[in-house]
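Peer 1: Let me begin by handing over the structure; questions about it come next.
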Amino acid sequence: MGSVALKNIRKSYGAVEVLHGIDLDIQDGEFTVLVGPSGCGKSTLLRSIAGLETISNGDIAIDGTVINSLVPKDRDIAMVFQNYALYPHMSVAKNMGFSLRLAKEPQDRIDSKVRAAAEILDLTALLDRYPRQLSGGQRQRVAMGRAIVRDPKVFLFDEPLSNLDAKLRVQMRSEIKELHQRLKTTTIYVTHDQIEAMTMADRIVVMRGGHVEQIGTPLELYDNPASVFVAGFIGSPAMNFLPARNSDGSLQVGKGENLGPSPVSLRNGREVIVGFRPEDIRLSDGGLPAKVALIEPTGAETQLTLRTTEGNGVIMTTRERIAHSVGDAVHVAVTPGKLHCFDTETELSLTGSVQ
Amino acid sequence: MNEQPRTLYWIMLSLIGIVISIYVLFPVFWLFLASFKTQAELAQLPISFWPASPTLDAYKALFSPTHQKGQLLDWPQLIGNSFFIAISSTVIVLFFGTLAGYSFARLNFPGRDLILGGLLISRMFQGAALLLPTYRLMSMIGLQDSLIGLVLLYSAFGLPFATWIIASSLREIPKELEESAMIDGASRLQSMVLVVLPLATPALITAAMWHFVGAWSEFAFASILLESNENKTVTIGLASFVELFTLEFQYVGAAATIVALPIMLVFFFGQRYFTRGLLAGAVKG
Ligand SMILES: Nc1ncnc2c1ncn2[C@@H]1O[C@H](COP(=O)(O)OP(=O)(O)OP(=O)(O)O)[C@@H](O)[C@H]1O
Ligand SMILES: [Mg+2]
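First to last, the protein sequences are chains F and L. According to the working numbering, the residues represented by the first sequence are 1 to 355, in order. According to the working numbering, the residues represented by the second sequence are 356 to 640, in order.
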């Protein structure tokens, strides 16, 4: 069991407040990813849950018990750090058994737990090595092993993969995910990589400047972003945004080129920000005129960078082969129903349920 | 790159090194050799370099009770005193230096960096200027002719630098290691003892060596504070040869060799850590 409830968490360093009242409910067994740009307070929030930072205000509860005043070791959590924080002077086995030794468990219990964890993580052959004799991926696994031998209520990960190269990152991503499916331990995972967030999370918490911007499943965030920020942050390449205006229920950009019907009823003539994803537009005979600025084929897909008459960049991805070359004049149309609409001032979504 | 100038460069450099070493070490070596000579050989002209018939008489004499009666100073006692002072003050310095260094490296308190800087500056005011004030102070509290007094004094002198070395090396140890230990169930003290200190061994050894050598060879304060013969230290013993045995260089040589021995042993076994410890401290702070 390990549900986590955060109520109005605030954290200040001196006079500077870096968390401005975070509310979050995490179900037992859920894999929650905290994502957001650098400096938005992800680590601070995670470290507050771990008890490594004292919060200035609010309540942190695990399984309904408020743990604000408990020291880290009494919170029944385990944490994996970005730099792994393996004890350099201890072997892999000693590293993994450290918490059990501190808890004064009998040596044979420690051995069997360490061996079981090593089995799961494929570390059995490395138990006698020292951290400096391991590769990055192996260190990463030892750090996870250290967390799982304790069988805590909650796993906390702070950007555990950011020190690995791209290929290993993808591999470890699936390993962590598989581990979670096997152990079903509540997990809070911090990353600034939206792909990690999308692929791993049951639910994503998008943070920005010490606030929660939006919470939802990966596809909820993708399909119904609550703000320009979330829309631009989730998805790669990012969503396109253009200034637009409502004209009799149609959204028009530039000199009155029609993008399609507004997804939401708006006052006539109202200025908005319109957004559409790169895969939701295609070349067509009519629609928004643009020039091809760049063509980047990846094989499966081709990414086009287009420039509108006003000079705005628009990215388009397509699985079809492109006959055009750079400089060609083209027209693009947005797939019906795929337009997003945001307020110009607040940048909040005007679309659908979020309205 | 051209090989020849580089080789030449190294040869030159080595030669200079050798010349400097000989220049510095010759008197030491000569004294060492003198300790194996007889009084007669030392007195004869021309001066001989190697002992004609090496003998341990000088060493035996230093440690023989009859010798002590005649010459006032009891060398086994001097050595014992020096060891007592050097070892106890090293233990004190290491203990408090570790706690203080840890606090400076890890805890946040007002004026932390100022105090740490002040500690280092305080070292600049040591030496001759402090001799008389210290004497006054120690006599006021009745510790002037006492080994304990000297232990406390050396500890006070040694603490700033030890604290500084230890603090700068602890700063290099990622704080996540300790945080991880605390999440794993360690108390602050356990995380310090089980995780931080083992990683700071080079700095601890450096600090200990530094202090031990300093305390073992300190002369000025010992000579003005210690009055009774049974309280004196090896450095005072060495200096007293100036009056006692002007011509008996074999005793001076033997005593100097004995006094140098602990220092050489310390460096021999600690060298590895010593360079590492100083470097670790040098990177930051
Ligand atoms: N010890 C500290 N003292 C003062 N300010 C701090 C401290 N630690 C973090 N901050 C500030 O708090 C804010 C949030 O930092 P935090 O480390 O939580 O960001 P993050 O989202 O984890 O960023 P990143 O993706 O770069 O790791 C930042 O503006 C940072 O400057
Ligand atoms: Mg961070």
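Glycine included, every Cβ here is placed at the ideal spot set by N, Cα and C. Owing to the predicted nature of the structure, the values given are computational and were not obtained by experimental measurement.
1) At a Cβ cut of 7 Å, what residues of the stretch 119-136 of chain F count as close to chain L, listed as they run along the chain?
2) Closest to ALA558/L by C-alpha separation, out of ASP429/L, GLY625/L, GLU582/L and SER494/L, would be which residue?
3) Note down, in chain order, each residue of its chain lying with its Cβ closer than 6 Å to the Cβ of TYR509/L, except the 5 sequence neighbours on either side.
4) With respect to the alpha helix (DSSP H) encompassing ASP412/L, which residues constitute its N-terminal and C-terminal limits?
5) Measure the C-alpha to C-alpha separation of GLY116/F and VAL154/F and round it to an integer number of angstroms.
6) Under 5 Å, CB to any heavy atom of ligand 1. Which residues pass, going along the chain?
7) Put ALA615/L into one of helix, strand or coil per three-state DSSP.
8) Looking at chain L, is there any beta carbon in it that lies within less than 8 Å of the beta carbon of LYS7/F?
9) Count the other CB atoms within 10 Å of the CB of LYS424/L; is the residue buried (16 or more) or exposed (fewer)?
10) Is any non-hydrogen atom of ligand 2 found closer than 7 Å to the C-beta of PRO506/L, if you look at the structure I gave you?
11) Does the beta carbon of VAL190/F fall short of 7 Å from some heavy atom of ligand 2?
12) For ILE375/L and THR453/L, I'd like the C-alpha separation in whole angstroms.
13) Note down, in chain order, all residues in the stretch 522-539 of chain L with a beta-carbon under 8 Å from any beta-carbon belonging to chain F.
14) Establish whether the CB of LEU554/L and some CB of chain F are separated by less than 8 Å.
15) Using the beta-carbon of each residue, which ones in chain L are nearer than 7 Å to ALA78/F?
16) Just curious, the beta strand (DSSP E) that SER12/F is in, first and last residue?
17) Within 7 Å: the Cβ of GLU159/F and any heavy atom of ligand 2?
18) Going by C-alpha to C-alpha distance, which of GLU582/L, ASP468/L and MET564/L sits closest to ARG526/L?
19) One question on the structure: do VAL149/F and LYS113/F come within less than 8 Å of each other, judged by their Cβ atoms?
20) What residues are listed by DSSP as bridge partners for PRO243/F?
21) Under 8 Å, do ILE359/F and LYS11/F count as touching if we go by C-beta distance?
22) Mapping DSSP to helix, strand and coil, what is ARG203/F?
23) For a test of the three-state rule: what should DSSP assign to MET96/F, helix, strand or coil?
24) Would you check if the distance between the CB atom of THR217/F and the CB atom of ARG208/F is smaller than 8 Å?
25) Looking at the strands, I want to know which residues DSSP matches up with PHE343/F.
26) Please report the Cβ distance between VAL272/F and LEU259/F, rounded to the nearest whole angstrom; I am assuming they are in contact, meaning their Cβ atoms lie under 8 Å.
27) Where in the stretch 513-546 of chain L do unbroken runs of the alpha helix (DSSP H), each at least 4 residues long, occur, reported from the N-terminal end onward?
28) Measuring CA to CA, which of PRO106/F, ALA201/F and ALA50/F is closest to GLU30/F?
29) Could you check which residue in PRO515/L, LEU388/L and TRP430/L has the C-alpha nearest to that of PHE451/L?
30) Less than 8 Å between the beta carbons of MET495/L and PRO72/F, yes or no?
31) Near SER546/L, what residues of its chain come up, given a Cβ to Cβ distance below 7 Å and the 5 sequence neighbours on each side ignored?
32) For VAL170/F, which residues of its own chain have a beta-carbon under 7 Å away from its beta-carbon, when the five flanking residues on both sides are left out?
33) Taking contact to mean at least 3 C-beta pairs separated by less than 8 Å, is the stretch 124-143 of chain F in contact with the stretch 79-91 of chain F?
34) Taking Cβ-Cβ distances shorter than 7 Å, what residues in chain F pair up with VAL550/L?
35) Compare the Cα-Cα distances from GLY210/F to each of VAL16/F, HIS20/F and GLY269/F and report the closest residue.
36) Measuring only the C-alpha atoms, how far is PHE623/L from TYR364/L?
Peer 2: Reading from the atomic positions:
1) Listed by position, the residues of the stretch 119-136 of chain F near chain L (Cβ gap below 7 Å) amount to none.
2) Among ASP429/L, GLY625/L, GLU582/L and SER494/L, the Cα nearest to that of ALA558/L belongs to GLY625/L.
3) SER444 and ALA570
4) Bounds of the alpha helix (DSSP H) holding ASP412/L are 412-418.
5) According to the sequence shown, residue 116/F is Ala rather than Gly. Answer to the nearest angstrom: the Cα atoms are 19 Å apart.
6) TYR13/F, VAL18/F, SER38/F, GLY39/F, CYS40/F, GLY41/F, LYS42/F, SER43/F, THR44/F and HIS192/F
7) Correct three-state label for ALA615/L: helix.
8) no
9) Confidence at LYS424/L is low in this model, with a pLDDT of 46, below 50, so the placement of that residue should be treated as unreliable; the coordinate-derived value is given next. Classification of LYS424/L: exposed, given that the 10 Å Cβ count is below 16.
10) It is worth fixing the name first, because residue 506/L is Val in this sequence and not Pro. Not so, every heavy atom of ligand 2 lies at least 7 Å from the Cβ.
11) yes
12) It is roughly 37 Å from the alpha-carbon of ILE375/L to the alpha-carbon of THR453/L.
13) PRO529, GLU531, LEU532, GLU534, SER535, ALA536, MET537, ILE538 and ASP539
14) yes
15) Against chain L, a Cβ distance below 7 Å from ALA78/F picks out ILE538.
16) 4-13
17) yes
18) ASP468/L
19) Yes, they are a contact pair.
20) ILE273/F
21) What the structure shows of chain F is the stretch from 1 to 355, and residue 359/F is not part of that stretch, so it cannot be assessed.
22) strand
23) Note: MET96/F maps to helix in three-state DSSP.
24) The answer is no: Cβ separation not under 8 Å.
25) Reading off the sequence shown, one finds Asp at residue 343/F, where the question assumed Phe. In DSSP, ASP343/F forms a bridge with VAL272/F.
26) The Cβ separation is near 11 Å, so there is no contact.
27) 530-538
28) ALA201/F
29) PRO515/L
30) no
31) The residues GLU533, ALA536 and MET537, in chain order, have a CB closer than 7 Å to that of SER546/L in the same chain once the five nearest residues on each side in sequence are set aside.
32) none
33) yes
34) TYR87
35) Nearest C-alpha to GLY210/F among VAL16/F, HIS20/F and GLY269/F: HIS20/F.
36) 29 Å
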